[in-house]
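Asks: So that we are looking at the same thing, I have put the structure below in structure tokens.
Residue numbers (the numbering used here): 7 to 429.
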């Protein structure tokens with residue numbers, strides 16, 4: 007049974023019609039850090055001390071942890087080093103939605119793009135940082151992962167400069183313009199200018215090559231909706247049409263509207279089945295998202311003067327397969343849970359992140375952005391996905407290093423969709 011002290015949070019989330027854990031944001035979420043704490047470390051420690059959802063700090067002696075890391079952060083010589091030490095401290099809590107973001111990483115702008123337009127408080131807090139009110143950065147549209155000190159491409163946004171240049175999942179990035187790769191600094195002031203990128207395609211050093219990529223200016227508010235639109239395709243195979251869409255972020259009702267428009271009236275309308283890709287990116291989802299596959303409603307058929315019939319549905323009544331992985335988090339995980347619990351369709355891929363808790367963002371001195379977990383979250387009254395995640399119905403490993411763009415998870419999802427069409 008869900009503890010009484012958390013019932014209010016879930017009721018609030020349901021009443022607003024939006025799963026705020028997906029953003030790590032609760033109603034009235036934006037708040038400044040304590041004004042009496044001018045130092046980012048002290049502000050971070052104090053903010054967690056006052057707002058972390060568990061008064062026992064998940065079994066951690068928070069005061070002792072603060073003392074342990076306070077001396078270390080004093081030795082940090084840069085913003086990135088200071089943030090790294092603070093994030094080590096936050097990691098002691100072993101809780102999602104608890105992290106310090108800096109302006110040196112794309113996630114900083116992407117998260118701001120999610121909630122900045124909705125918060126006048128946040129707009130005021132960051133007026134000096136973004137005087138024109140635009141949350142933008144220059145990049146090439148990739149997600150990277152560090153493995154044993156090497157940088158690999160984990161995902162490539164659809165329609166991105168990286169995709170246009172032929173960069174693939176699994177490629178190792180060696181350098182940018184002869185300098186070590188930095189996700190933001192490598193492309194500062196390089197929008198619309200060709201940049202050389204040295205990569206390696208396999209473990210064999212002979213596969214090193216230099217490609218040219220032209221960075222673009224990304225709008226944190228619209229970039230994921232654009233990538234979603236660019237991902238849409240209809241795959242014709244075995245006499246069937248399999249629709250595919252990658253929802254990089256579900257953090258806002260515009261993504262569900264786009265999905266429904268494409269499925270009911272747009273490019274995916276004639277598809278026989280759907281592959282719904284929720285890997286990577288950000289969480290979020292309206293609570294009604296699952297109703298699109300489960301609710302019952304009438305269809306409407308229009309008959310023209312010539313006798314041509316066109317039938318419209320308000321729900322998706324055809325087979326659907328979800329693709330998820332360790333980068334699927336928050337409300338995306340709740341959707342994966344719902345797919346399994348309510349027999350909507352199978353989930354293919356790997357176990358999700360296990361990052362399902364509600365958080366609240368705070369602006370800290372120096373423009374840092376801190377997430378703090380402020381409320382626990384349960385689904386179906388007693389199921390806690392935080393730290394657990396959702397195990398797929400069909401597990402498909404996807405080794406990252408030197409994958410050369412191979413996507414066995416997507417391929418299996420398509421095969422599973424075909425099986426549903428021809429059981």
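Heads up, the beta-carbon is just placed ideally off N, CA and C, and yes, glycines get one too.
(1) If you follow the alpha helix (DSSP H) that residue 57 is part of, which residue opens it and which one closes it?
(2) Using 8 angstroms as the Cβ pair cut-off and three pairs as the minimum, do the segment 108-125 and the segment 381-391 touch?
(3) Taking the alpha-carbon of residue 252 as reference, which of 258, 235, 174, 263 has the nearest alpha-carbon?
(4) Fully enclosed by the segment 223-299, which beta strand (DSSP E) runs are 3 residues long or longer?
(5) Going straight from the alpha carbon of residue 180 to that of residue 174, what length do you get?
(6) Could you check which residue in 344, 398, 407, 325 has the C-alpha nearest to that of residue 423?
(7) Are the beta-carbon atoms of residue 330 and residue 362 separated by less than 9 angstroms?
(8) When burial is assigned at 16 or more other CB atoms within 10 Å of the CB, is residue 283 buried or exposed?
(9) Pick out whichever of 113, 279, 408 has its Cα sitting closest to the Cα of residue 141.
(10) My output table needs one value for residue 379: the three-state DSSP class, helix, strand or coil.
(11) In this structure, does DSSP put residue 12 in helix, strand or coil?
(12) Work out the CA separation of residue 346 and residue 425 for me, nearest whole Å.
(13) Under 8 angstroms by Cβ, that's how I've got residue 342 and residue 334 pegged, so tell me the actual separation to the nearest angstrom.
(14) Would you mind sorting residue 351 into buried or exposed? The rule is 16 or more other CB atoms within 10 Å of its CB.
(15) Measure the C-alpha to C-alpha separation of residue 166 and residue 151 and round it to an integer number of angstroms.
(16) Assign residue 364 to one of three DSSP states: helix, strand, or coil.
(17) From the DSSP output, in three-state form, read off residue 212 for me.
(18) State the Cα-Cα distance for the pair residue 186 and residue 193, rounded to the nearest angstrom.
(19) Among the residues of its own chain, which have a CB less than 8 angstroms from the CB of residue 348, if the five just before and after it don't count?
(20) I'd like the list of long-range same chain contacts for residue 79, defined as Cβ closer than 6 angstroms, with 5 residues on each side in sequence excluded.
(21) Do residue 373 and residue 132 have their C-beta atoms within less than 9 angstroms of each other?
(22) According to DSSP, what are the bridge partners of residue 328?
(23) In the segment 61-110, which residue ranges form an unbroken beta strand (DSSP E) of at least 3 residues, counting only runs that do not cross its ends?
(24) For residue 390 and residue 136, I'd like the C-alpha separation in whole angstroms.
(25) From residue 226 to residue 318, what distance separates their C-alpha atoms?
(26) Determine the DSSP secondary structure at residue 146, reduced to helix, strand or coil.
(27) Run through the segment 109-139 for me and flag every whole alpha helix (DSSP H) of 4 or more residues, listed as ranges in chain order.
(28) With a threshold of 16 other CB atoms inside 10 Å of the CB of residue 119, please say whether the residue is buried or exposed.
(29) Considering Cα atoms alone, identify which of 304, 393, 418, 241 is closest to residue 401.
(30) Could you tell me the distance, in whole angstroms, from the CA atom of residue 100 to the CA atom of residue 64?
(31) Does the segment 265-278 come close enough to the segment 308-317 to have 3 or more Cβ pairs within less than 8 angstroms?
(32) What is the rounded straight-line gap between the Cα of residue 359 and the Cα of residue 414?
(33) I need the DSSP call for residue 203, collapsed to helix, strand or coil.
(34) Count the other C-beta atoms from every protein chain shown that fall within 10 angstroms of the C-beta of residue 392, then say buried if there are 16 or more, exposed otherwise.
(35) Can you tell me whether residue 248 is buried or exposed, with buried defined as 16 or more other CB within 10 angstroms of its CB?
(36) For residue 336, which of helix, strand or coil comes out of DSSP?
Replies: Taking the geometry as given:
(1) Under the DSSP assignment, residue 57 falls in the alpha helix (DSSP H) whose first and last residues are 46-57.
(2) Touching, no.
(3) Comparing Cα-Cα distances from residue 252 to each of 258, 235, 174, 263, the minimum goes to 235.
(4) The segment 223-299 contains, as complete beta strand (DSSP E) runs of 3+ residues, the segments 239-243, 246-252, 279-283 (chain order).
(5) Between residue 180 and residue 174, the C-alpha separation is close to 14 angstroms.
(6) The residue from 344, 398, 407, 325 with its alpha-carbon nearest to that of residue 423 is 325.
(7) Contact: no.
(8) Taking a 10 Å sphere around the C-beta of residue 283, we find 16 or more other C-beta atoms and assign the residue as buried.
(9) It is 113 whose Cα lies nearest to the Cα of residue 141.
(10) Correct three-state label for residue 379: strand.
(11) In this prediction, residue 12 scores a pLDDT of 36, lower than 50, which makes its location untrustworthy; the coordinate-derived value is nonetheless stated afterwards. Three-state DSSP puts residue 12 in a helix.
(12) One C-alpha to the other measures close to 17 angstroms.
(13) With a contact defined as Cβ atoms closer than 8 angstroms, residue 342 and residue 334 qualify at about 7 angstroms.
(14) Result: buried.
(15) Taking the straight line joining both Cα atoms gives about 18 angstroms.
(16) Strand.
(17) Looking at residue 212 - three-state DSSP - the assignment turns out to be helix.
(18) Each residue's Cα considered, the two are about 12 angstroms apart.
(19) Cβ within range, chain order: 296, 300.
(20) Here the set comprises 47, 88, 91.
(21) Cβ distance < 9 angstroms, so residue 373 and residue 132 count as in contact.
(22) For residue 328, the pairing in a beta bridge is given by DSSP as 282, 353.
(23) The beta strand (DSSP E) runs of length 3 or more contained entirely in the segment 61-110 are, from start to end of the chain, 105-107.
(24) CA-to-CA, the gap between residue 390 and residue 136 works out to about 38 angstroms.
(25) Residue 226 and residue 318: Cα-Cα distance of roughly 34 angstroms.
(26) The answer is coil: DSSP assigns residue 146 none of H, G, I, E or B.
(27) Entirely contained in the segment 109-139, the alpha helix (DSSP H) runs reaching 4 residues are, in chain order, 112-121, 126-131.
(28) Looking at its Cβ environment, which holds 16 or more other Cβ atoms inside 10 Å, residue 119 is buried.
(29) Residue 418 is the option with its Cα nearest to residue 401.
(30) Cα to Cα, the separation comes out at about 8 angstroms.
(31) Per the Cβ contact rule, the segment 265-278 is not in contact with the segment 308-317 (fewer than 3 Cβ pairs under 8 angstroms).
(32) Approximately 19 angstroms, taken between the alpha carbons.
(33) Here residue 203 sits in strand by DSSP.
(34) Taking all protein chains shown into account, residue 392 has 16 or more neighbouring C-beta atoms within 10 Å of its C-beta and is therefore buried.
(35) Residue 248 is buried by the Cβ-count criterion.
(36) Residue 336: coil per DSSP, three-state reduction.
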